[in-house]
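*Asks:* Every number in the working numbering is 56 more than the matching position in the sequence shown, counting from 1.
Have a look at the structure that comes next, please.
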Amino acid sequence: MPKRFDANKFNREIRAAQRKAEAEVKREVDRVNRANQRNVDAYNREVDRTNRENQRRVDAHNRKIDQQNKKTVTDYNRHVSKVNAHNRAAVADLNRQLRAASTGPRYTDDEQVLADRIQHAVAQHDTREWDTFLSYARIDGAETGDELRRHLESLGVSVWFDEIAVEPGKSQALQMDKGLQKAQVGIVLLTPAYLVGRFWTERELGALLHKETLIPVLHGVTFDQVAEYSGILPDLAGFETSRDPVEIIAQKIAAAVVND
Numbered sequence: 057m058p059k060r061f062d063a064n065k066f067n068r069e070i071r072a073a074q075r076k077a078e079a080e081v082k083r084e085v086d087r088v089n090r091a092n093q094r095n096v097d098a099y100n101r102e103v104d105r106t107n108r109e110n111q112r113r114v115d116a117h118n119r120k121i122d123q124q125n126k127k128t129v130t131d132y133n134r135h136v137s138k139v140n141a142h143n144r145a146a147v148a149d150l151n152r153q154l155r156a157a158s159t160g161p162r163y164t165d166d167e168q169v170l171a172d173r174i175q176h177a178v179a180q181h182d183t184r185e186w187d188t189f190l191s192y193a194r195i196d197g198a199e200t201g202d203e204l205r206r207h208l209e210s211l212g213v214s215v216w217f218d219e220i221a222v223e224p225g226k227s228q229a230l231q232m233d234k235g236l237q238k239a240q241v242g243i244v245l246l247t248p249a250y251l252v253g254r255f256w257t258e259r260e261l262g263a264l265l266h267k268e269t270l271i272p273v274l275h276g277v278t279f280d281q282v283a284e285y286s287g288i289l290p291d292l293a294g295f296e297t298s299r300d301p302v303e304i305i306a307q308k309i310a311a312a313v314v315n316d
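Structure below.
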């Protein structure tokens with residue numbers, strides 16, 4: 057007689073086989089997870105080691121750059137001090153020549169009065185960001201104004217000059233006002249276009265006239281023509297490009313502005 061099929065026994069065997077298979081799968085999963093964790097830990101340790109090494113190299117590089125920058129700044133400051141000392145000596149010598157020379161460039165009597173007034177005003181002033189503010193009309197004064205600026209700066213005179221000082225993207229009016237406030241002395245380059253009167257030049261001149269010292273430089277105009285433009289300016293002595301080249305005018309201004 058055939059043996060009777062025992063369904064309960066079969067089910068028990070199936071469940072036992074399933075539990076065994078699940079246990080084996082779990083053991084394999086745990087083994088793989090442990091292996092993965094060991095790999096992750098090893099990777100993290102390597103990353104930490106690499107980061108520490110990179111940080112060490114960055115710190116060493118930054119220290120080196122910092123030392124180089126400090127040396128560059130120190131060397132630059134020494135150079136600036138040397139140049140400033142040279143400029144002061146050169147301007148002092150130039151001042152003596154302009155006041156006492158029997159030959160070569162020298163102050164006229166009116167220019168001497170203006171130079172004395174400038175020196176007195178500068179000596180009474182607080183330290184400012186710029187020595188001078190140069191006002192000019194771009195239409196016919198840009199080239200001569202830039203030449204005057206370059207000669208003045210070569211003699212150690214700092215010049216607020218819009219093409220150099222004005223930063224794009226910021227209010228030109230506010231930057232100009234800052235330059236007007238923080239300059240010791242005003243220089244106005246009077247040209248035919250300047251005398252016509254434009255918004256910016258009139259605004260600058262109005263502010264410069266409130267300074268204790270204003271230096272007129274006439275280029276292509278005469279004091280008679282200036283008198284028709286302003287009843288104030290003719291009372292001031294000034295320099296004329298018809299009498300002296302721009303380089304000599306810059307020397308005369310520098311000798312009055314730079315204290316030795």
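The C-beta atom is built at its ideal place from N, Cα and C for all residues, glycine as well.
Determine the DSSP secondary structure at Val-241, reduced to helix, strand or coil.
*Replies:* Taking the first residue of the sequence shown as 1, we reach residue 241 at position 185. Three-state DSSP puts Val-241 in a strand.
*Asks:* Please state whether DSSP places Pro-161 in a helix, a strand or coil.
*Replies:* By 1-based counting over the sequence shown, the position of residue 161 is 105. DSSP places Pro-161 in coil when its eight states are reduced to three.
*Asks:* Restricting to Cα atoms, I'd like to know which of Val-215, Tyr-192 and Leu-204 is closest to Leu-251.
*Replies:* Working through the sequence shown from its first residue, we reach residue 251 at position 195. Closest by alpha carbon: Tyr-192.
*Asks:* Between Glu-296, Thr-188 and Glu-84, which has its C-alpha nearest Lys-234's C-alpha?
*Replies:* As a working mapping, residue 234 is identified with position 178 in the sequence shown. Out of Glu-296, Thr-188 and Glu-84, Thr-188 has the C-alpha closest to the C-alpha of Lys-234.
*Asks:* So, Pro-248 versus Gly-276, is the Cβ gap smaller than 8 angstroms?
*Replies:* Along the sequence shown, read from residue 1 onward, the residue named residue 248 stands at position 192. Along the sequence shown, read from residue 1 onward, the residue named residue 276 stands at position 220. Against a cut-off of 8 angstroms, the Cβ pair of Gly-276 and Pro-248 comes out as a contact.
*Asks:* Label Pro-301 either buried or exposed according to how many other C-beta atoms from any shown protein chain fall within 10 Å of its C-beta, with 16 as the threshold for buried.
*Replies:* The residue labelled residue 301 in the question sits at position 245 within the sequence shown. That one is exposed.
*Asks:* Starting from the C-beta of Glu-209, find all residues in its chain whose C-beta is less than 8 angstroms away, skip the five residues before and the five after it, and write them out in chain order.
*Replies:* Against the sequence shown, residue 209 aligns to sequence position 153. Here the set comprises Val-215.
*Asks:* Can you name the residues that DSSP bridges to Ser-298?
*Replies:* In the sequence shown, residue 298 corresponds to position 242, counting from 1. Note: Ser-298 sits in no beta bridge, so no partner.
*Asks:* Using beta carbons (cut-off 8 angstroms, strictly below), is Asp-97 in contact with chain B?
*Replies:* Reference to chain B is not applicable here, since this structure consists of a single protein chain.
*Asks:* Which partner residues does Pro-272 have in the DSSP bridge list?
*Replies:* Within the sequence shown, residue 272 is the residue found at index 216, counting from 1. Pro-272 pairs with Val-244.
*Asks:* Sorted by chain position, which residues of the same chain lie with C-beta nearer than 7 angstroms to Arg-173's C-beta, five sequence neighbours on each side aside?
*Replies:* For the purposes of this step, residue 173 is identified with residue 117 of the sequence shown, where counting begins at 1. Excluding positions up to five away in sequence, the list reads Thr-269.
*Asks:* Straight-line CA distance for Arg-205 to Leu-190?
*Replies:* The residue you call residue 205 lines up with position 149 of the sequence shown. The residue you call residue 190 lines up with position 134 of the sequence shown. Between Arg-205 and Leu-190, the C-alpha separation is close to 8 angstroms.
*Asks:* Let's see if you can read the secondary structure: which residues bound the alpha helix (DSSP H) around Asp-196?
*Replies:* Here the question's residue 196 lines up with position 140 in the sequence shown. Where Asp-196 is concerned, the enclosing alpha helix (DSSP H) stretches over 194-210.
*Asks:* Any idea which residues DSSP pairs Phe-189 with across the strands?
*Replies:* Taking the sequence shown and counting its residues from 1, the one referred to as residue 189 is at position 133. Trp-216 and Gly-242.
*Asks:* With distance defined between alpha-carbon atoms, name the residue in Gln-281, Thr-200, Val-313 and Glu-219 nearest to Gly-242.
*Replies:* Locating residue 242 in the sequence shown gives position 186, where the first residue counts as 1. Taking only the C-alpha atoms, the option nearest Gly-242 is Val-313.
*Asks:* How would you label Arg-66, buried or exposed, when you count the other beta carbons within 10 angstroms and need 16 or more for buried?
*Replies:* One-based indexing of the sequence shown puts residue 66 at position 10. According to the sequence as given, residue 66 is Phe; it is not Arg. With fewer than 16 other Cβ atoms within 10 Å, it is exposed.
*Asks:* Short of 8 angstroms in beta carbon distance, which residues of its chain neighbour Leu-154, apart from the five on each side in sequence? Order them along the chain.
*Replies:* Indexing the sequence shown from 1 puts residue 154 at position 98. Closer than 8 angstroms at Cβ, skipping near neighbours: Pro-161, Arg-162, Tyr-163, Ala-171, Gln-307, Lys-308 and Ala-311.
*Asks:* Secondary structure at Asp-62, three-state DSSP: helix, strand or coil?
*Replies:* Locating residue 62 in the sequence shown gives position 6, where the first residue counts as 1. Three-state DSSP puts Asp-62 in coil, outside helix and strand.
*Asks:* With respect to the alpha helix (DSSP H) encompassing Val-282, which residues constitute its N-terminal and C-terminal limits?
*Replies:* Position 226 of the sequence shown, counted from the start, is the residue given in the question as residue 282. 279-285 is the span of the alpha helix (DSSP H), which, as asked, contains Val-282.
*Asks:* Using the Cα positions of Ile-121 and Arg-87, report the straight-line distance between them to the nearest angstrom.
*Replies:* In the sequence shown, counting from the first residue as 1, residue 121 sits at position 65. In the sequence shown, counting from the first residue as 1, residue 87 sits at position 31. Those two C-alpha atoms are separated by around 50 angstroms.
*Asks:* Rounded to the nearest angstrom, what separates Glu-362 and Arg-60 at their Cα positions?
*Replies:* Given that the chain is displayed from residue 57 to residue 316, the structure contains no residue 362 and the question cannot be resolved.
*Asks:* Excluding the 5 residues flanking Glu-167 on each side, which residues of the same chain have their C-beta closer than 7 angstroms to its C-beta?
*Replies:* In the sequence shown, residue 167 corresponds to position 111, counting from 1. Result list for Glu-167: Ala-293, Phe-295 and Lys-308, in chain order.
*Asks:* Can you give the Cα-Cα distance for Ile-304 and Thr-278, rounded to whole angstroms?
*Replies:* In the sequence shown, the residue the question calls residue 304 occupies position 248. In the sequence shown, the residue the question calls residue 278 occupies position 222. For Ile-304 and Thr-278, the distance between alpha carbons rounds to 18 angstroms.
*Asks:* Considering Cα atoms alone, identify which of Gln-93, Ile-271 and Val-244 is closest to Arg-259.
*Replies:* Locating residue 259 in the sequence shown gives position 203, where the first residue counts as 1. The residue with the shortest Cα to Cα distance from Arg-259 is Val-244.
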